[in-house]
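Asker: After the structure tokens below, expect a handful of questions from me.
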Amino acid sequence: FVFHQSHFTLMEKHQHQTCGSTAGLILVVKRQELFQNMFVLTLTATYLLSWGVSVSDAQPTEGEREVWNQVNSVLQDSESILSGLQAYKGAGQEIRDAIQNPNDFMLQERAWNSVCPLVIKLKKFYSFSLRLEEALQSLLESLTCPPLTPTQHLEREQALAKQFAEILHFTLRFDELKMRIPAIQNDFSYYRRTISRNRINNMNLDIENEVNNEMANRMSLFYAEATPMLKTLSNATTNFVTENKTLPLENTTDCLSTMASVCKVMLETPEYSSRFSSEDTLLFCMRVMVGVIILYDHVHPNGAFNKSSKIDMKGCIKVLKDQPADNVEGLLNALKFTTKHLNDESTPKNIRTMLQ
Numbered sequence: 001f002v003f004h005q006s007h008f009t010l011m012e013k014h015q016h017q018t019c020g021s022t023a024g025l026i027l028v029v030k031r032q033e034l035f036q037n038m039f040v041l042t043l044t045a046t047y048l049l050s051w052g053v054s055v056s057d058a059q060p061t062e063g064e065r066e067v068w069n070q071v072n073s074v075l076q077d078s079e080s081i082l083s084g085l086q087a088y089k090g091a092g093q094e095i096r097d098a099i100q101n102p103n104d105f106m107l108q109e110r111a112w113n114s115v116c117p118l119v120i121k122l123k124k125f126y127s128f129s130l131r132l133e134e135a136l137q138s139l140l141e142s143l144t145c146p147p148l149t150p151t152q153h154l155e156r157e158q159a160l161a162k163q164f165a166e167i168l169h170f171t172l173r174f175d176e177l178k179m180r181i182p183a184i185q186n187d188f189s190y191y192r193r194t195i196s197r198n199r200i201n202n203m204n205l206d207i208e209n210e211v212n213n214e215m216a217n218r219m220s221l222f223y224a225e226a227t228p229m230l231k232t233l234s235n236a237t238t239n240f241v242t243e244n245k246t247l248p249l250e251n252t253t254d255c256l257s258t259m260a261s262v263c264k265v266m267l268e269t270p271e272y273s274s275r276f277s278s279e280d281t282l283l284f285c286m287r288v289m290v291g292v293i294i295l296y297d298h299v300h301p302n303g304a305f306n307k308s309s310k311i312d313m314k315g316c317i318k319v320l321k322d323q324p325a326d327n328v329e330g331l332l333n334a335l336k337f338t339t340k341h342l343n344d345e346s347t348p349k350n351i352r353t354m355l356q
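Residue numbers 1 to 356, in the UniProt record's numbering, belong to the letters of the sequence shown in order.
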């Protein structure tokens, strides 16, 4: 075939394969997609480079600028959110002391004064999830709207595609950290019990101006999820599809499956994975791949694991399992526990076995 793009021209005759370059990566992806009777990927070299093969960053064009600025204002706060979560220590000891000594006013006050700042912090994390949800929907709208195909969008709007990837990367990192902090739910449960008890005693607490009953209910549902940020993004993607009935579903699912395919090939091909500048870049690529798989599984009627799926799930799982176990345990758990269709009868047994 002959493959023309603004950045380069490729020609492949018979089965000759170009390797050791970004052009080679695109050919590998194209060949795999064609063998699976899937739509042809037409991603530019700079798009792939902006995903981590080199240090160059995709910069927004004038057409992308408005959405990019909106999303960037959210992403700028993502590191401080992660730092805050990482530093979360909880008030376990103070709560235990207060529960064991219900008549000791000083211990009750100490526990309450320890929990209140933590609840304010938890509200901040929850509020950020709402901003992230809005940012994701703006990106989906930009990357799926007609008349361009999803792959044309990804090719032309590389800066937005990179922001999409950064949102998924943040989401998986947040949820990995949250799963290691059981104190979050313990602290919040104590807070709600204390608020209820004081309301019965007609006590008015200043913190209720910050976290009223309605907000507390929403936060409670959020933190009850094992992976709250992923759940938020899955719901946001599902709502986007539901609310845009005139938009073909394939516009959304093809965008997600394309990103998954590119990540998989970058991870499984030594010519490209060897050029990752650090382990962080490798983890970035794996998290993005898992993130788009989960979103795809939530919005596609048949899910990501079905034989008709445009995502090579066997290949994606293998790529993860080839990495050190400590790096991928959380990602494999995300595929096990936050996907929608893994346990469907239509899921091949070998796929289920790989995730056991």
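For glycine and all other residues, C-beta sits at the position ideal for the given N, C-alpha and C. None of these values were measured; they are calculated from a predicted model.
Consult DSSP for Arg-173 and reduce its assignment to one of helix, strand or coil.
Answerer: By 1-based counting over the sequence shown, the position of residue 173 is 173. Arg-173 falls in the helix class under three-state DSSP.
Asker: Let me know if Ala-226 comes out buried or exposed under the rule of 16 or more other beta-carbons within 10 Å of its beta-carbon.
Answerer: What you label residue 226 is simply residue 226 of the sequence shown in a count that begins at 1. Exposed is the call here.
Asker: When we look at the beta-carbon of Cys-61 and count the other beta-carbons within 10 Å, is it buried (16 or more) or exposed?
Answerer: Working through the sequence shown from its first residue, we reach residue 61 at position 61. For the sequence presented, residue 61 should be read as Thr rather than Cys. With fewer than 16 other Cβ atoms within 10 Å, it is exposed.
Asker: In this structure, how does DSSP classify Gln-59 when only helix, strand and coil are distinguished?
Answerer: Numbered from 1 along the sequence shown, position 59 holds the residue referred to as residue 59. Coil at Gln-59, not helix or strand.
Asker: Thinking C-beta only, is Gly-315 closer than 8 Å to Lys-340?
Answerer: Position 340 of the sequence shown, counted from the first residue, corresponds to residue 340. Position 315 of the sequence shown, counted from the first residue, corresponds to residue 315. No. Outside cutoff.
Asker: Which residue spans inside the region 70-116 form an unbroken alpha helix (DSSP H) run of at least 4?
Answerer: List check, alpha helix (DSSP H) in window: 78-86, 92-100.
Asker: How about Met-229 and Lys-123: are their beta carbons less than 8 Å apart?
Answerer: The sequence position of residue 229 within the sequence shown is 229, counting from 1. The sequence position of residue 123 within the sequence shown is 123, counting from 1. The answer is no: Cβ separation not under 8 Å.
Asker: Quick check: what's the CA-CA separation for Thr-46 versus Val-265?
Answerer: Position 46 of the sequence shown, counting from 1, holds the residue named residue 46. Position 265 of the sequence shown, counting from 1, holds the residue named residue 265. Confidence is the limiting factor: at Thr-46 the pLDDT is only 39, short of 50, which leaves the residue's position unreliable and the question unanswerable from this model.
Asker: The alpha helix (DSSP H) with Ser-273 in it runs from where to where?
Answerer: Taking the first residue of the sequence shown as 1, we reach residue 273 at position 273. Residues 270-273.
Asker: Sorry if obvious, but does the Cβ on Leu-130 come closer than 7 Å to a heavy atom of the ligand GTP?
Answerer: With respect to the ligand GTP, the structure shown offers nothing to examine, as it has no ligands at all.
Asker: Less than 8 Å between the CB atoms is what I'm expecting for Leu-172 and Arg-352, so what's the real figure, rounded?
Answerer: As a working mapping, residue 172 is identified with position 172 in the sequence shown. As a working mapping, residue 352 is identified with position 352 in the sequence shown. Contact doesn't hold; Cβ gap of about 22 Å is too wide.
Asker: In the DSSP assignment, find the unbroken alpha helix (DSSP H) run with Glu-225 in it and report its ends.
Answerer: Taking the sequence shown and counting its residues from 1, one reaches residue 225 at position 225. Careful: Glu-225 lies outside any alpha helix (DSSP H) and carries neither H nor E.
Asker: Beta-carbon separation of Leu-207 and Tyr-88 under 8 Å?
Answerer: In the sequence shown, residue 207 corresponds to position 207, counting from 1. In the sequence shown, residue 88 corresponds to position 88, counting from 1. For the sequence presented, residue 207 should be read as Ile rather than Leu. No, these two residues do not count as a Cβ contact at 8 Å.
Asker: On the criterion of 16 or more Cβ atoms from any shown chain inside 10 Å, does Leu-130 qualify as buried, or is it exposed?
Answerer: Walking along the sequence shown from the start, residue 130 turns up at place 130. Flag for Leu-130 reads exposed.
Asker: Can you list, in chain order, the residues of its chain with a C-beta nearer than 7 Å to that of Leu-168? Leave out the 5 residues immediately preceding and following it.
Answerer: Your numbering for residue 168 matches position 168 in the sequence shown. Here the set comprises Arg-287, Val-288, Gly-291, Val-292.
Asker: Output needed for Arg-192: all residues of its chain with C-beta closer than 8 Å, excluding positions within five of it in sequence on either side, in chain order.
Answerer: For the purposes of this step, residue 192 is taken as the residue at position 192 of the sequence shown. For Arg-192, where only same-chain residues beyond five positions count, the Cβ hits under 8 Å are Ala-216, Ser-220.
Asker: Apply the 10 Å Cβ neighbour rule to Thr-338 and answer buried if 16 or more other Cβ atoms are within range, or exposed otherwise.
Answerer: If you number the sequence shown from 1, residue 338 lands on position 338. Looking at its Cβ environment, which holds 16 or more other Cβ atoms inside 10 Å, Thr-338 is buried.
Asker: Hey, out of Leu-355, Asp-344, Glu-94, Pro-324, whose CA is closest to residue 362's CA?
Answerer: Look at the range of the chain in this structure, 1 to 356, and you will see that residue 362 is not part of it.
Asker: Quick one: residues in its chain with C-beta nearer than 6 Å to the C-beta of Asn-306, no 5 flanking neighbours on either side, listed in chain order?
Answerer: In the sequence shown, the residue the question calls residue 306 occupies position 306. Same-chain partners within the cutoff: Ser-346.
Asker: Quick one: using the 10 Å Cβ neighbour count with 16 as the cut-off for buried, is Lys-336 buried or exposed?
Answerer: Looking up residue 336 in the sequence shown gives position 336. Lys-336 is exposed by the Cβ-count criterion.
Asker: On the criterion of 16 or more Cβ atoms from any shown chain inside 10 Å, does Gln-158 qualify as buried, or is it exposed?
Answerer: Along the sequence shown, read from residue 1 onward, the residue named residue 158 stands at position 158. Its Cβ being crowded by 16 or more others within 10 Å, Gln-158 is buried.
Asker: When the Cβ atoms of the region 125-142 are set against those of the region 71-90, are three or more pairs found closer than 8 Å?
Answerer: They touch, by the three-pair rule.
Asker: Starting from Glu-157, trace the alpha helix (DSSP H) in both directions and tell me its first and last residue.
Answerer: Here residue 157 corresponds to residue number 157 of the sequence shown, with the count starting at 1. First-last for Glu-157: undefined, no H or E at that position.
Asker: Please list, in chain order, all residues of the same chain as residue 357 whose beta carbon is under 6 Å from its beta carbon, the five residues on each side excluded.
Answerer: As displayed, the chain neither begins before 1 nor continues past 356, which places residue 357 out of reach and without an answer.
Asker: Quick check on the DSSP output: the alpha helix (DSSP H) that includes His-300 runs from which residue to which?
Answerer: The residue you call residue 300 lines up with position 300 of the sequence shown. Looking at the DSSP string, His-300 is not in any alpha helix (DSSP H), and its letter there is neither H nor E.
Asker: Just curious, the alpha helix (DSSP H) that Lys-245 is in, first and last residue?
Answerer: Within the sequence shown, the letter at position 245 stands for residue 245. Lys-245 -> no alpha helix (DSSP H), and no H or E assigned at all.
Asker: Taking 8 Å as the cut-off, does the region 138-154 touch the region 246-258 (at least 3 CB pairs, one atom from each stretch)?
Answerer: Yes: the two stretches touch, three or more of their Cβ pairs being nearer than 8 Å.
Asker: How many angstroms separate the CA atom of Asn-350 from the CA atom of Val-319?
Answerer: Numbered from its first residue, the sequence shown carries residue 350 at position 350. Numbered from its first residue, the sequence shown carries residue 319 at position 319. If I take the Cα positions, the gap works out to 15 Å.
Asker: Hey, Ser-273 and Leu-282: beta-carbon distance below 8 Å or not?
Answerer: Walking along the sequence shown from the start, residue 273 turns up at place 273. Walking along the sequence shown from the start, residue 282 turns up at place 282. Against a cut-off of 8 Å, the Cβ pair of Leu-282 and Ser-273 comes out as a contact.
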